[in-house]
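A.B. asks: Residue numbers (numbering that gives the first Met the number 0): 0 to 145.
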Amino acid sequence: MPEPAPIQLYYWPTPNGWKITIMLEECGLPYEVKFVNILKGEQFEPGFLAISPNNRMPAIVDPDGPDGRPISIFESGAILQYLGNKTGRFTLEASASAAKWSSGSSGKWPISDRCRAKPDTSATMPERTCLMPSTDIRMRWRDSTE
């Protein structure tokens, strides 16, 4: 049996990125890391936007997705659910398959909007950065705390 093609992980070393690398390791899935430097704004490049339309990190492309077709998943919560369902590990519905993650699935989008659903988005720095389209988050955060 041939080795499965590795999952492509579009990554920058952030806590959300670390979650995905840990999950991939725990699930024993092969993967290759593709660094996307968010400090240089690489998450706004057209190639990355084709994978993660809202420019959010991390993102994966699974070449062996539902029905053997490639699929892209973005946002750490959605990726964790997908990987858990794909492997049958770390999920409440161990019998659920990755097939429900078709391109028309709404499973990805409610998770992608979770950081925008806070009642007071100015309360903490991480919540503020969810809303910032700027590539220089550090400067905006510094200016907003002065």
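We treat Cβ as the ideally placed atom computed from N, Cα and C, and that holds for glycine.
For Phe73 and Ile37, I'd like the C-alpha separation in whole angstroms.
C.D. replies: 15 Å
A.B. asks: On a CA-only basis, which of Trp11, Ile50, Asn54 and Ile19 is nearest Gly76? Give me that one, please.
C.D. replies: Ile19
A.B. asks: Going straight from the alpha carbon of Glu25 to that of Thr13, what length do you get?
C.D. replies: For Glu25 and Thr13, the distance between alpha carbons rounds to 18 Å.
A.B. asks: Taking the alpha carbon of Glu2 as the point to measure from, which residue in Pro62, Tyr81 and Gly83 has its own alpha carbon closest?
C.D. replies: Closest by alpha carbon: Pro62.
A.B. asks: Taking the C-alpha atoms as reference points, what is the distance between Glu31 and Pro5?
C.D. replies: 6 Å
A.B. asks: Taking Met56 and Gly83 to be in contact with their CB atoms under 8 Å, please state how far apart those CB atoms are, rounded to whole angstroms.
C.D. replies: About 20 Å separates the two Cβ atoms, so there is no contact after all.
A.B. asks: So, at 6 Å on beta carbons, what are the nonlocal neighbours of Arg88 in its own chain, with the 5 sequence-adjacent residues on each side left out?
C.D. replies: Cys26
A.B. asks: DSSP three-state label for Leu8, please.
C.D. replies: strand
A.B. asks: DSSP has Lys33 in a bridge; who is on the other side?
C.D. replies: In the DSSP output, where bridge partners are listed per residue, Lys33 has Tyr9.
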